[in-house]
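All residue numbers for the sequence shown refer to our numbering, where the first residue is -12 and numbers rise by one.
Data first, discussion second: the structure below is written as structure tokens.
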Amino acid sequence: MTTVKIKGMSCGHCVAAVIQALERLDTISKVSVDLEKGEARFAGEPALADVRAAIEAAGFEVVDENA
Ligand SMILES: [Cu+2]
């Protein structure tokens, strides 16, 4: 499983939007989002750029932990 930190989620609608955006990627499965931690978890090996683009297109921001 891969975990990414996401900034900007505040309620269940945000969670649903992120899940929907990620599930559209066919390189990903088993998406789950933890609102309190601000994290999305998923199985698969997507290009991280695709994950980032999907999340940003949904209106949220990926927190780069290496920065
Ligand atoms: Cu919301």
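Ideal Cβ positions, reconstructed from N, Cα and C, are used throughout, including at glycine.
Treat the numbers as computed from the prediction; the structure is a model and nothing was measured.
Please report the residue range of the beta strand (DSSP E) in which R28 lies.
In the sequence shown, the residue the question calls residue 28 occupies position 41. Following the DSSP letters along the chain, one finds R28 inside the beta strand (DSSP E) bounded by residues E26 to G31.
For G(-1), collect the residues of the same chain with a Cβ closer than 8 Å to its Cβ; drop the 5 residues on either side in sequence, then sort them by chain order.
The residue you call residue -1 lines up with position 12 of the sequence shown. L22, listed in sequence order.
Around the C-beta of M61, are 16 or more other C-beta atoms found within 10 angstroms, so that it is buried, or is it exposed?
Because the chain in this structure spans residues -12 to 54, residue 61 falls outside the shown range and cannot be described.
Please classify L35 as buried or exposed, where buried requires at least 16 other C-beta atoms within 10 Å of its C-beta.
In the sequence shown, counting from the first residue as 1, residue 35 sits at position 48. Per the 10 Å Cβ criterion, exposed.
Which residues are close to ligand 1, meaning CB closer than 5 Å to any heavy atom, in chain order?
S(-3), C(-2), H0 and C1
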